């Protein structure tokens, strides 16, 4: 629709501009604060003109919070979660859409229901499981009396234990299961014409062959979109990494930012904290910029 | 090259039955067209041969081997789909060669065979293109190449021409026919387009409501339709049907309002019949001619080579096709001359053909 409405055009641009300023203003404040020295940053009101200590602050933040290894940890975790989510949701959706088996719809709804159970809700049981992955099995053995039986017969006390605290696996694995991704893939797979499936069958391609040769290449855009969203989501995770990494070696950059936040009664080094924040914000920003084209295509369904 | 034997094949979807016991035999190298209106079960039958649909009851055998439980790839069939079903992310060459890739044919041999198929279909220049960058006819050709490269025993076509424009359809039709003559593989072609069916078929299978109505050469189907359905479905414009009763010396039509005198109908007196007459078999004569029916002209459709004249026969629609240079005005009266030899009789109740004893009258040649 092409209309010539100069006033409306101006008005819409005004709204856009106001929205843009509202969104960008906090970041400008962060960037400006990161460039001040200790005295200027604590002025009330803080000067909104950039100071000259930007690089010093960045350097201080980097060394104080030991951001190098932490960024690497964050990256491994976010990439792992994104990749895991993409793979597992593609496989789940493939099974749900392309195979007829009893309870198919039930399983789909079961997955869907987990949308209502985010990690924060089930964090205690999840922690318990990750602390000892085998504890559910131990419980089953105990309740059924099997462990008692085994102890009586062989004299061995059954105590299963496999802890995942302070490991990348523990960081990544509980975050991988995803209803959103499964749903996104399911909707995409449903738009793939049946004839394509049938043509592949006539060509002699089995289920896995079809999945790898036809479905995956076709869902490249969806993969990029889902991967990007999930990378950002995982990068910004706070509660779970905080809980699971009791040891500094596996802490992520986002949780380590708290090292930079001044304690009550300490030196109010907000300039350093802001500089750290800037560093931690950068990688997701780069990912979004790089993936933007694919990302948008993956979320609009009309692309053929 | 393979024969196909279909025995008592039925198909149920949950509670509804869509194919009610079909028995058919296709000879090796034959080009069979299955014709029928949409929803008559023709595509389902084809897909059961292909192995894309399960067979609810009965057996399908290819070359004497029952294939009911075989996967599509094990049946030696190749299929061309209505909307081509090309893999959008693969180039033309990859599309054509995909089945070979799946079955592990070495790259060198694969490329050689792709080249050979592309040459046959005139696709050499397009091998690197994606399906998106092809026209409808080119896509159609790629779909055919994909079927051809496997050198299948049986070709299955599921309305492959219905997405093309009229001119291209005619062109592809003759190409398919030529291709069949060269490859001589058993082909089963499903369509709802009777012109396509008549021009392509060695043998024609007309289906309706999940049952086979008639099997025969296009000529047989046209000249001796086995039922009222076949009579009205095949031929354009459709055959005129007039309800009537057989009398001693003629035919009482339209509840007695019209009479056609005839020496002998060849049917027992008093039989309720549906008399069919093809529009092209009716002769236009001057109104009031003895032995002709007078009717009012409703509409004249100019076809160039001839014209179709729609007339009103006491409220019953009736059409006449003529290539003579007559141009009756709408509203004017014309006489319709119908010869007994051109009449088809069908039972009023069951719709099946009633065979008339015609002494020494040869079938009209096509």
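Protein chains in written order, with the working numbering: chain A, 664 to 967; chain B, -9 to 356. Ideal placement from N, C-alpha and C gives every residue a C-beta, glycine not left out. Predicted, not measured: the structure shown is a model, and the values here were computed from it.
Does the distance from the C-beta atom of residue 140 (chain B) to that of residue 89 (chain B) stay below 8 Å? Cβ distance < 8 Å, so residue 140 (chain B) and residue 89 (chain B) count as in contact.
List the residues of chain B whose Cβ lies closer than 9 Å to the Cβ of residue 742 (chain A), in chain order. Using a Cβ-Cβ cut-off of 9 Å, residue 742 (chain A) is close to nothing in chain B; its nearest Cβ partner there is about 25 Å away.
Relative to the C-alpha of residue 206 (chain B), which residue among B:25, B:1, B:4, B:36 is closest? Looking from the CA of residue 206 (chain B), the closest CA among B:25, B:1, B:4, B:36 belongs to B:25.
Can you name the start and end residues of the beta strand (DSSP E) that residue 219 (chain B) belongs to? Where residue 219 (chain B) is concerned, there is no enclosing beta strand (DSSP E), although the alpha helix (DSSP H) around it starts and stops at 218 to 223.
Using DSSP bridges, identify the partner residues of residue 140 (chain B). According to DSSP, which records beta bridges pairwise, residue 140 (chain B) is partnered with nothing at all.
Quick check: the region 740 to 752 of chain A against the region 860 to 878 of chain A, are at least 3 beta-carbon pairs closer than 8 Å? Short answer: they don't touch.
Could you say if the region 920 to 928 of chain A and the region 689 to 709 of chain A meet the contact criterion of at least three C-beta pairs nearer than 8 Å? Verdict: no, contact absent.
Within chain A, partners of residue 188 (chain B) - CB distance below 9 Å: Here the premise fails: no neighbours, minimum Cβ distance about 27 Å.
Do residue 825 (chain A) and residue 797 (chain A) come within 8 Å of each other at the CB atom, strictly closer than that value? With respect to the 8 Å criterion, residue 797 (chain A) and residue 825 (chain A) are classified as neighbours on the basis of their beta carbons.
For residue 365 (chain B), count neighbouring Cβ atoms within 10 angstroms of its own Cβ and tell me buried if that reaches 16, exposed if not. The requested residue 365 (chain B) is not part of the displayed model; chain B covers only -9 to 356.
Quick check on the DSSP output: the alpha helix (DSSP H) that includes residue 802 (chain A) runs from which residue to which? Residues 798 to 807.
Check distances from the C-beta atoms of the region 58 to 70 of chain B to those of chain A and list, in chain order, the residues that come in under 8 Å. Per Cβ criterion, the list reads 61, 62, 63, 67, 68, 69.
Name the chain B residues that come within less than 9 Å of residue 864 (chain A), Cβ to Cβ? The answer, in chain order, is 40, 41, 42, 61, 62, 63.
Cα-Cα separation between residue 883 (chain A) and residue 957 (chain A), rounded to whole angstroms: Roughly 8 Å between the two C-alpha positions.
Short of 7 Å Cβ to Cβ, which residues in the region 872 to 897 of chain A face chain B? Within the region 872 to 897 of chain A, the residues whose Cβ lies closer than 7 Å to some Cβ of chain B are 872, 877, 880, 881, listed in chain order.
Does the distance between the C-beta of residue 322 (chain B) and the nearest non-hydrogen atom of the ligand MG fall short of 7 Å? Absence of the ligand MG from the depicted structure is noted, as is the absence of any ligand whatsoever, leaving it without description.
For the region 88 to 103 of chain B, which residues have a beta carbon sitting closer than 7 Å to at least one beta carbon of chain A? If the cut-off is 7 Å between Cβ atoms, the region 88 to 103 of chain B has 88, 89, 92, 93 near chain A.
Under the assumption that residue 845 (chain A) contacts residue 756 (chain A) (Cβ atoms under 8 Å), give the Cβ distance between them as a whole number of angstroms. The distance from the Cβ of residue 845 (chain A) to that of residue 756 (chain A) is about 5 Å, consistent with a contact at the 8 Å cut-off.
At least one CB of chain B closer than 8 Å to the CB of residue 666 (chain A): is that the case? When Cβ-Cβ separations below 8 Å define contact, residue 666 (chain A) makes no contact with chain B.
For residue 949 (chain A) and residue 916 (chain A), I'd like the C-alpha separation in whole angstroms. In this structure, the CA atom of residue 949 (chain A) is about 16 Å from the CA atom of residue 916 (chain A).
Does residue 868 (chain A) come within less than 8 Å of chain B when only Cβ atoms are used? Yes, because at least one Cβ of chain B sits closer than 8 Å to the Cβ of residue 868 (chain A).
Closer than 9 Å, Cβ to any Cβ of chain A: which residues of the region 71 to 83 of chain B, in chain order? Hits within the stretch, in order: 71, 72, 73, 74, 75, 76, 77, 78, 79, 80.
Applying a beta-carbon distance threshold of less than 7 Å, which residues of chain B neighbour residue 765 (chain A)? Those do not exist, as residue 765 (chain A) stays about 16 Å from chain B at its closest Cβ, beyond 7 Å.
Inter-residue spacing [alpha-carbon to alpha-carbon] between residue 19 (chain B) and residue 849 (chain A): Distance between residue 19 (chain B) and residue 849 (chain A), taken at the CA atoms: about 43 Å.
Please work out which residues of its chain come closer than 7 Å, Cβ to Cβ, to residue 16 (chain B), disregarding the five sequence neighbours upstream and downstream, and give them in chain order. For residue 16 (chain B), same chain residues with a beta-carbon under 7 Å away, outside a window of 5 residues either side, are -7, -6, 22, 176, 178 in chain order.
Straight-line CA distance for residue 264 (chain B) to residue 334 (chain B)? So the alpha carbons of these two residues sit roughly 8 Å apart.
Please report how far the alpha carbon of residue 198 (chain B) lies from the alpha carbon of residue 36 (chain B), in whole angstroms. Our two residues, residue 198 (chain B) and residue 36 (chain B), have alpha carbons roughly 15 Å apart in a direct line.
Under a CB-based cut-off of 8 Å, is residue 859 (chain A) close to chain B? Cβ-Cβ to chain B under 8 Å: yes for residue 859 (chain A).
Tell me the DSSP secondary structure of residue 913 (chain A) in three-state form. The answer is helix: DSSP assigns residue 913 (chain A) an H, G or I state.
For residue 55 (chain B), which residues does DSSP report across the bridge? For residue 55 (chain B), which the question treats as bridged, DSSP gives the partners B:52.
Could you give the DSSP three-state label for residue 244 (chain B): helix, strand or coil? For residue 244 (chain B), the secondary structure class from DSSP, reduced to helix, strand or coil, is helix.
For residue 285 (chain B), which of helix, strand or coil comes out of DSSP? Three-state result, residue 285 (chain B): strand.
Close-in-space but distant-in-sequence residues of the same chain around residue 76 (chain B) (CB under 7 Å, 5 per side omitted): Here the set comprises 85, 121, 129, 132, 133.
At a Cβ threshold of 8 Å, is residue 947 (chain A) touching chain B? For residue 947 (chain A), the nearest beta carbon of chain B is not closer than 8 Å to its own beta carbon.
I'd like the span of the beta strand (DSSP E) that includes residue 10 (chain B), first residue to last. For residue 10 (chain B), the enclosing beta strand (DSSP E) begins and ends at 6 to 16.
Are residue 311 (chain B) and residue 269 (chain B) closer than 8 Å when you measure CB to CB? Cβ atoms of residue 311 (chain B) and residue 269 (chain B): closer than 8 Å.
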